[in-house]
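Quick note on numbering: my numbering labels position 26 of the sequence shown as 789, and the sequence is numbered without any gaps.
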Amino acid sequence: MVTLTDKAAEAIRSIFAQQGKPDASLRVYVAGGGCSGLQYGMAIEEVAEENDNVFESHGIRILVDEISHPYIDGSEVDFEENLMGGGFRVNNPNAVRSCGCGHSFQAEDGPGGGGCCG
């Protein structure tokens with residue numbers, strides 16, 4: 764399961780409204796790359812794929828493909844504001860190492876990266 768904090772849900776609702784897609788879903792996925800080996804990604808989706816895991820948090824539907832699911836199961840998506848602006852951060856209990864930027868991680872059975880950006 765992937766969940767959202769209150770701040771993340773508020774930010775996502777705002778993005779959906781700006782895009783004119785108030786009923787859209789949030790896709791959360793993992794891709795190879797980033798400074799720790801794997802990186803998080805998010806996208807706006809209107810339709811779930813057949814093999815997606817579908818969750819709901821704060822009234823927002825979250826889609827996770829079956830390959831990404833084991834890497835991010837139990838994660839919480841947060842939204843943080845700082846001097847550089849704002850951004851999403853994934854708090855992932857499956858990460859054995861995370862980058863300072865919060866955008867990439869290394870899983871126990873995943874590839875390692877070369878260095879850290881933060």
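In this text, a Cβ means the ideal position worked out from N, Cα and C, and glycines have one as well.
Beta-carbon contacts of residue i that lie in its chain and below 7 Å, excluding the five residues immediately before and after
| i | result |
| --- | --- |
| Gln782 | Ile807 |
| Asp815 | Leu826, Val827 and Asp828 |
Span of the beta strand (DSSP E), counted from its first residue to its last, around residue i
| i | result |
| --- | --- |
| Glu843 | Glu839 to Asn845 |
Neighbourhood of residue i by C-beta, 8 Å cutoff - its chain only, sequence neighbours within 5 removed
| i | result |
| --- | --- |
| Ala772 | Ser820, His821, Gly822 and Ile823 |
Residue j beta carbon less than 8 Å from that of residue i
| i | j | result |
| --- | --- | --- |
| Asn855 | Ile835 | yes |
| Tyr792 | Ser831 | yes |
| Ile775 | Leu767 | yes |
| Met764 | Phe818 | yes |
Simplified DSSP state of residue i, which is helix, strand or coil
| i | result |
| --- | --- |
| Ile825 | strand |
| Ile807 | strand |
Start and end residues, alpha helix (DSSP H) containing residue i
| i | result |
| --- | --- |
| Glu773 | Asp769 to Gln781 |
| Pro856 | Taken as a continuous stretch (DSSP letters only), Pro856 belongs to no alpha helix (DSSP H), as it is neither H nor E. |
Bridge-paired residues (DSSP) for residue i
| i | result |
| --- | --- |
| Asn816 | Val827 |
| Ala926 | Absent from the model: residue 926. The displayed extent of the chain is 764 to 881, so no value can be given. |
| Gly849 | Glu844 |
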